[in-house]
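Asker:
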Amino acid sequence: MSANISIDFITHTFKGQTDPTLNNIELKIPAGERVALIGRSGCGKSTLLHMLAGLLIPTEGCVRIHGHQVTRPSAKWNMMFQKPSLYPWMNVRQNIELGLTFAGQKNPEKIDYLLDLVGLSEKAEEHVQSLSGGQQQRVALARSLATSPEVLLLDEPFSALDAFTRATLQDEVARITGQEDLTMVIVTHDIDEAVAMADRVLIMSANPGEIVGEEQVDLPFPRDRSRAEFSRAREQLMTKFDSLVGDVKPAEIRQTGQSKALDDSKQQAA
Amino acid sequence: MSATPASLNMNTAREGGFDWKAFGMSAWRGIGYPVIGIGVMLALWWLGGWAIASNPDTESFADFAPAPAFSRLLELTANGYVWEASAPSLARIGLGLLWAVVIGVPVGVAVGLYASVREISHVPFQFLRMISPLAWMPIAVLAFATWDGAIVFLIAVAAIWPVLFSTAQGVRRIDPLWFKVAKNLGADGLQMLRRIILPAIGQDIFAGIRLAVGVAWIVLVPAEYLGVTSGLGYAINDARDTLEYDTLAAMVVVIGVIGFFLDGICVKLIKKFSWHNQD
Chain Z
1492 MSANISIDFI THTFKGQTDP TLNNIELKIP AGERVALIGR SGCGKSTLLH MLAGLLIPTE
1552 GCVRIHGHQV TRPSAKWNMM FQKPSLYPWM NVRQNIELGL TFAGQKNPEK IDYLLDLVGL
1612 SEKAEEHVQS LSGGQQQRVA LARSLATSPE VLLLDEPFSA LDAFTRATLQ DEVARITGQE
1672 DLTMVIVTHD IDEAVAMADR VLIMSANPGE IVGEEQVDLP FPRDRSRAEF SRAREQLMTK
1732 FDSLVGDVKP AEIRQTGQSK ALDDSKQQAA
Chain G
-1 MSATPASLNM NTAREGGFDW KAFGMSAWRG IGYPVIGIGV MLALWWLGGW AIASNPDTES
59 FADFAPAPAF SRLLELTANG YVWEASAPSL ARIGLGLLWA VVIGVPVGVA VGLYASVREI
119 SHVPFQFLRM ISPLAWMPIA VLAFATWDGA IVFLIAVAAI WPVLFSTAQG VRRIDPLWFK
179 VAKNLGADGL QMLRRIILPA IGQDIFAGIR LAVGVAWIVL VPAEYLGVTS GLGYAINDAR
239 DTLEYDTLAA MVVVIGVIGF FLDGICVKLI KKFSWHNQD
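Line by line, the protein sequences give chains Z and G.
Residue 1492 is where the first sequence starts when you use the working numbering, and the numbers rise one by one after that.
Residue -1 is where the second sequence starts when you use the working numbering, and the numbers rise one by one after that.
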């Protein structure tokens, strides 16, 4: 079951700093929506996501999930990180069921279902160190889903993976969040990732971090990156980002795969 | 072209048949090298014994040599004296190490986990660990009602530091994301300790215990010179007083053998609790 998220006028200043990292952010995310947060490095995207997860408390304002104020982490709003951070002394199954273990529950059928969902049924009893990066991230996804969260928070979860694995996992996570009826918020540097996974993309500016614009992505899932509609959506997002935040530098906002090749060919033609 | 039987045999060997060459190399490394090491050690001991026996000034110590020592060792093993002397020492070592672990691991976790505890404890711990455990002897004798209590205290004082510092170092090396993920999955403090921290540092704790066993074993012999009438230290002291140098050398061998096996147990435990590159 998904939950709505309400971010009520969050301002945050880190200890020892005078300028706020986030300034007066107000945002409503309806239940079941998939939202991407994009912005330059240091604009506060990850800080905002940590607040949604209850891993950081804002100096002003609050986050509400399903009407409840978020004051601490909970298995109901789970976060996936850039690194899978699996526990190497546990096998795949033990990693996935960890959240249930913490809750004093056992549900082998659910773990079997999740293993199947992420395509790792054959690897259930293997040690996680023997898995590839993509497989490890799949285990992390299954682990996040095991506690039946209402909200899935993703902090650049695929940025360390190769382009093919990244695209596959983007599609899988978009499919799974739809199938499991989850509200999803993803922080990314990757324009393609935002277009491939989100219903709505929020653009953040830096110093201080503010949400300065948004773009709807009205494309059906699964999204085919080779289609003209995908390129158009990406184009619109790039243009909006340019107009709101300034020139896009490749190191700050990344394009991947086919869309980048399309862009390069356009530049050459010009 | 059809394959000859010889080439078939070679192919079978390559494709998974028994690899005698690898087996031979592995056996040589596993048995041959240690045998060479032991041989060199015995040769040096024998040379020392021969030098002592050849010198009129030291010939009364000739029983230190390997032959009388091993002959006496067999005798002492057969009549149960070796076990009689070893059992109390092992009990004292076990108790001392137990105290070192019971105190060292939780304190080490706190030192590794909290910067404030680390900073507060730094000077006192560095100061205390530099004091020779044997320097505590007079205080131990005053503080404990029994000799056994005093010896266990001395062993614990010696063994606690490797356990504590190794544990603290292990905690500090834990990936901070592991804490974040566990919190995110709903772990409380006790679950964090039991499911994340202790398994993550298991190998560090046992590495600390391994060092502690070495230190404790060194402290044991002089500690057992204190009032007690049992143990390997007492046996050595007694053999010296009664000029039974073959017994003295035999007990030294016993101490070395037991220490070697205790170290082997620690190495096995480190491997068991090590999660690096598990396949």
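Each residue gets a CB set at the ideal place from its N, CA and C atoms; glycine is no exception.
Every value quoted in this text rests on a predicted model; they were computed, and no experiment measured them.
Kindly indicate the opening and closing residues of the alpha helix (DSSP H) around TRP159 of chain G.
Answerer: Here residue 159 of chain G refers to the residue found at position 161 of the second sequence. Start and end: 145 to 170.
Asker: Which residues mark the beginning and the end of the alpha helix (DSSP H) in which ALA1631 of chain Z is found?
Answerer: Taking the first residue of the first sequence as 1, we reach residue 1631 of chain Z at position 140. Element bounds for ALA1631 of chain Z: 1624 to 1637.
Asker: Which two residues bound the contiguous alpha helix (DSSP H) that contains ASN1586 of chain Z?
Answerer: As a position in the first sequence, residue 1586 of chain Z is number 95, starting the count at 1. Start and end: 1583 to 1587.
Asker: Identify the continuous alpha helix (DSSP H) that holds MET1695 of chain Z and give its terminal residues.
Answerer: Position 204 of the first sequence holds residue 1695 of chain Z. No alpha helix (DSSP H) holds MET1695 of chain Z; the beta strand (DSSP E) holding it covers 1691 to 1696.
Asker: Output, in sequence order along the chain, the residues in the segment 129 to 158 of chain G whose CB is closer than 7 Å to any CB in chain Z.
Answerer: The segment 129 to 158 of chain G vs chain Z, Cβ under 7 Å: nothing.
Asker: Is it true that the segment 1632 to 1641 of chain Z meets the segment 1594 to 1614 of chain Z, where meeting means three or more beta-carbon pairs spaced less than 8 Å apart?
Answerer: Taking 8 Å as the limit for Cβ pairs, the verdict is that the segment 1594 to 1614 of chain Z does touch the segment 1632 to 1641 of chain Z.
Asker: Quick one: give me the first and last residue of the beta strand (DSSP E) that CYS1534 of chain Z is part of.
Answerer: As a first step, residue 1534 of chain Z is located in the first sequence; it is residue number 43 there, counting from the start. Run containing CYS1534 of chain Z: none; DSSP gives neither H nor E here.
Asker: Let me see if you follow: with CB-CB separation under 9 Å, is LYS19 of chain G close to chain Z or not?
Answerer: Here residue 19 of chain G refers to the residue found at position 21 when the second sequence is read from its first residue. No - not a single Cβ of chain Z is within 9 Å of the one on LYS19 of chain G.
Asker: When you compare the CB of LEU183 of chain G with every CB in chain Z, is at least one pair closer than 9 Å?
Answerer: Position 185 of the second sequence holds residue 183 of chain G. Yes, its Cβ sits closer than 9 Å to a Cβ of chain Z.
Asker: Around the C-beta of THR75 of chain G, are 16 or more other C-beta atoms found within 10 angstroms, so that it is buried, or is it exposed?
Answerer: Residue numbering aside, residue 75 of chain G sits at position 77 when the second sequence is read from its first letter. Answer is exposed; the Cβ neighbour count stays below 16.
Asker: Among Z:ILE1516, Z:ASP1510, Z:THR1512, Z:GLY1507, which has the Cα closest to the Cα of ILE1498 of chain Z?
Answerer: Looking up residue 1498 of chain Z in the first sequence gives position 7. Taking only the C-alpha atoms, the option nearest ILE1498 of chain Z is Z:ILE1516.
Asker: At 4 residues or longer, what runs of the alpha helix (DSSP H) sit wholly inside the segment 1510 to 1564 of chain Z?
Answerer: Within the segment 1510 to 1564 of chain Z, the complete alpha helix (DSSP H) runs of at least 4 residues are 1536 to 1543.
Asker: Leaving out five residues on either side along the sequence, give the residues of the same chain with a beta carbon under 7 Å from the beta carbon of ASN1514 of chain Z.
Answerer: Within the first sequence, the letter at position 23 stands for residue 1514 of chain Z. Same-chain partners within the cutoff: THR1502, PRO1699, GLY1700, GLU1701.
Asker: Quick one: which residues of the segment 223 to 246 of chain G get their C-beta closer than 9 Å to a C-beta of chain Z? List them in chain order.
Answerer: Of all residues in the segment 223 to 246 of chain G, none has a Cβ within less than 9 Å of some Cβ in chain Z.
Asker: I need the straight-line Cα distance from PHE259 of chain G to VAL1583 of chain Z, nearest angstrom please.
Answerer: Taking the second sequence and counting its residues from 1, one reaches residue 259 of chain G at position 261. Taking the first sequence and counting its residues from 1, one reaches residue 1583 of chain Z at position 92. Using only the alpha carbons, I get a separation of about 35 Å.
Asker: State the start and end residues of the unbroken alpha helix (DSSP H) segment that holds THR1656 of chain Z.
Answerer: Residue numbering aside, residue 1656 of chain Z sits at position 165 when the first sequence is read from its first letter. Taken as a continuous stretch (DSSP letters only), the alpha helix (DSSP H) holding THR1656 of chain Z covers 1654 to 1670.
Asker: If I follow the unbroken beta strand (DSSP E) through HIS1503 of chain Z, where does it start and stop?
Answerer: Sequence index remark: in the first sequence, residue 1503 of chain Z carries index 12 (1-based). First-last of the beta strand (DSSP E) with HIS1503 of chain Z: 1496 to 1503.
Asker: Can you tell me whether SER5 of chain G is helix, strand or coil according to DSSP?
Answerer: Numbered from its first residue, the second sequence carries residue 5 of chain G at position 7. Residue placement at SER5 of chain G is poorly supported in this model, since its pLDDT is 46, which falls under 50; the coordinates are not used for a value here.
Asker: Could you confirm whether any beta carbon from chain G is found closer than 9 Å to the beta carbon of MET1492 of chain Z?
Answerer: Locating residue 1492 of chain Z in the first sequence gives position 1, where the first residue counts as 1. No, MET1492 of chain Z lies away from the interface with chain G (no Cβ there is under 9 Å from its Cβ).
Asker: I believe TRP134 of chain G touches VAL115 of chain G by the beta-carbon criterion, under 8 Å. Please report the beta-carbon distance rounded to the nearest angstrom.
Answerer: Counted from its first residue, the second sequence places residue 134 of chain G at position 136. Counted from its first residue, the second sequence places residue 115 of chain G at position 117. Their Cβ separation, rounded to whole angstroms, is 24 Å, which puts TRP134 of chain G and VAL115 of chain G out of contact at 8 Å.
Asker: Specify the secondary structure class of ASN182 of chain G as computed by DSSP and reduced to three states.
Answerer: Here the question's residue 182 of chain G lines up with position 184 in the second sequence. It is helical.
Asker: When the Cα atoms are used, what is the spatial distance from ARG1723 of chain Z to LYS1731 of chain Z?
Answerer: As a position in the first sequence, residue 1723 of chain Z is number 232, starting the count at 1. As a position in the first sequence, residue 1731 of chain Z is number 240, starting the count at 1. Roughly 12 Å separates the two Cα atoms.
Asker: Exposed or buried, what is GLY1782 of chain Z when buried is set at 16 or more other beta-carbons lying within 10 Å of its beta-carbon?
Answerer: No information on residue 1782 of chain Z is available, as it lies outside the stretch 1492 to 1761 that chain Z covers here.
Asker: Can you tell me whether DSSP reads MET1776 of chain Z as helix, strand or coil?
Answerer: Outside the displayed span of chain Z (1492 to 1761) sits residue 1776 of chain Z, for which this structure offers no information.
Asker: Would you mind telling me which residues of chain Z sit closer than 7 Å to ASP173 of chain G, beta carbon to beta carbon, in chain order?
Answerer: Position 175 of the second sequence, counted from the first residue, corresponds to residue 173 of chain G. Residues of chain Z passing the Cβ test: SER1576.
Asker: What are the boundary residues of the beta strand (DSSP E) that includes GLU1701 of chain Z?
Answerer: In the first sequence, counting from the first residue as 1, residue 1701 of chain Z sits at position 210. Run containing GLU1701 of chain Z: 1701 to 1707, per the beta strand (DSSP E) assignment.
Asker: Round the Cβ separation of ALA1494 of chain Z and THR1674 of chain Z to the nearest angstrom and send it over; I've been treating them as touching at under 8 Å.
Answerer: One-based indexing of the first sequence puts residue 1494 of chain Z at position 3. One-based indexing of the first sequence puts residue 1674 of chain Z at position 183. Going by Cβ atoms, the distance from ALA1494 of chain Z to THR1674 of chain Z rounds to 6 Å, so yes, they are a contact pair.
Asker: From the DSSP output, read off the bridge partner residues of HIS1618 of chain Z.
Answerer: Residue 1618 of chain Z sits at position 127 when you count from the first residue of the first sequence. Answer by DSSP bridge pairing, in chain order: Z:ASN1582.
Asker: Rounded to whole angstroms, what is the Cα-Cα separation between GLY1657 of chain Z and MET1729 of chain Z?
Answerer: One-based indexing of the first sequence puts residue 1657 of chain Z at position 166. One-based indexing of the first sequence puts residue 1729 of chain Z at position 238. Checking the sequence shown, residue 1657 of chain Z turns out to be Arg, not Gly. If I take the Cα positions, the gap works out to 20 Å.
Asker: Keeping to the same chain, check which residues put their C-beta closer than 8 Å to that of ILE1587 of chain Z; ignore five residues upstream and five downstream.
Answerer: In the first sequence, the residue the question calls residue 1587 of chain Z occupies position 96. Only ILE1602, LEU1605, LEU1606, VAL1630, ALA1633, ARG1634, ALA1637 meet the Cβ criterion.
Asker: Measuring only the C-alpha atoms, how far is VAL1561 of chain Z from VAL1664 of chain Z?
Answerer: In the first sequence, the residue the question calls residue 1561 of chain Z occupies position 70. In the first sequence, the residue the question calls residue 1664 of chain Z occupies position 173. Going by the C-alpha atoms only, they are around 24 Å apart.
Asker: Looking at chain Z, is there any beta carbon in it that lies within less than 9 Å of the beta carbon of ASP186 of chain G?
Answerer: On the second sequence, residue 186 of chain G is found 188 positions in, with the first residue counted as 1. It does: the Cβ of ASP186 of chain G has a partner Cβ on chain Z nearer than 9 Å.
Asker: Rounded to whole angstroms, what is the Cα-Cα separation between SER84 of chain G and LEU93 of chain G?
Answerer: Residue mapping note: residue 84 of chain G aligns to position 86 of the second sequence, counting from 1. Residue mapping note: residue 93 of chain G aligns to position 95 of the second sequence, counting from 1. Looking at the two C-alpha atoms, the distance is approximately 14 Å.
Asker: To be precise: take each residue of the segment 26 to 44 of chain G, compare its Cβ to all Cβ atoms of chain Z, and keep it if any distance is under 7 Å. Which residues remain?
Answerer: Of all residues in the segment 26 to 44 of chain G, none has a Cβ within less than 7 Å of some Cβ in chain Z.
Asker: Report the CB separation of GLY106 of chain G from VAL169 of chain G in whole angstroms; it is logged as a contact under 8 Å.
Answerer: Mapped onto the second sequence, residue 106 of chain G falls at position 108. Mapped onto the second sequence, residue 169 of chain G falls at position 171. GLY106 of chain G to VAL169 of chain G, Cβ: 7 Å. Contact.
Asker: Give the range of the alpha helix (DSSP H) segment to which ALA1677 of chain Z is assigned.
Answerer: For this step, residue 1677 of chain Z is matched to residue 186 along the first sequence. It is worth fixing the name first, because residue 1677 of chain Z is Ile in this sequence and not Ala. Segment 1674 to 1679 is the beta strand (DSSP E) holding ILE1677 of chain Z; no alpha helix (DSSP H) there.
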